[in-house]
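So the structure is just underneath, and the comments pick up after that.
Residue numbers (the working numbering): 130 to 201.
Here it is as structure tokens:
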């Protein structure tokens with residue numbers, strides 16, 4: 130049976146920076162690597178919201194990207 134070994138996580142925060150000429154939202158993403166793989170969703174949410182409060186743009190999305198090895 131295969132198992133996975135999580136070895137890296139990144140926190141990604143997306144902001145709306147304005148509207149383009151068509152009136153569609155323009156998005157900017159910030160990525161924070163070297164996030165502890167043991168960090169919980171609540172911890173990441175709290176961190177992202179704290180960082181978003183320091184920005185002048187509107188918070189759109191918070192996501193986590195995990196990287197893992199699959200081991201046979």
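Beta carbons: idealized from backbone N, C-alpha and C, even for Gly.
- In this model, residue 160 and residue 135 are separated by some 18 Å (Cα to Cα).
- Our two residues, residue 181 and residue 171, have alpha carbons roughly 15 Å apart in a direct line.
- Excluding five sequence positions before and after residue 190, the CB atoms of its chain that fall closer than 7 Å to its own CB belong to 143, given in chain order.
- A direct Cα-to-Cα measurement between residue 193 and residue 150 gives close to 31 Å.
- Nearest to residue 146 by C-alpha distance, out of 156, 162, 197, 140, is 156.
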